[in-house]
Amino acid sequence: TNICLLGFSQGAVLAHVVAARKEETQGSSSPWDRIQSCIFVGGFSATPSNCPKKEQQIILSTNISVRSLHVIGSMDTSVPSDQSQTLAKRFRNHKVLEHSKGHLVPQQAAACSTMIDFILGKES
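In this text, residue positions in the sequence shown follow the numbering used here: the first is 5, and each later residue adds one.
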């Protein structure tokens, strides 16, 4: 079974570290191999100051191959959109879903459909 991680706010930092860890162990028999995608909501990048020492080099990668969807609220005052965009750019196969709300998981039908399609691998 493939796994799609979802990280909200600070949870996105952990999801970023896990996605980067998968990248580092790709090709080996690793528990990270089942992670196929990540959704980051109101997320920001892990930095050397907010992650474990052994992870500090891998989180600086800007070429993570895990599929990612970055959900960004234009009215988010907790995590500015430029921080979420910086995280998105660390993934080579990223998509961005912008919504008009703040620091939350959007509940509008169109946004939910986009997230569900992404999880199912049906995104366009």
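For glycine and all other residues, C-beta sits at the position ideal for the given N, C-alpha and C.
query	result
8 Å CB neighbourhood of C55 in its chain, flanking five on each side removed	V17, V21, I63
Whole-angstrom distance between V75 and A114, CA atom to CA atom	13 Å
Q87 - containing alpha helix (DSSP H), residue span	85–92
Euclidean distance between Cα positions of W36 and H103	30 Å
Residues near S82 in its chain [Cβ-Cβ closer than 8 Å; skip 5 each side]	S13, G46, G106, H107
Rounded distance between the beta-carbons of S41 and C8, thought under 8 Å	4 Å
Exposure label - K26; buried when at least 16 CB within 10 Å	buried
Extent of the continuous beta strand (DSSP E) to which H20 belongs	Not the beta strand (DSSP E): H20 falls in the alpha helix (DSSP H), residues 14–29.
Closest residue to E28 among S78, N67, K126, I43 (Cα-Cα distance)	N67
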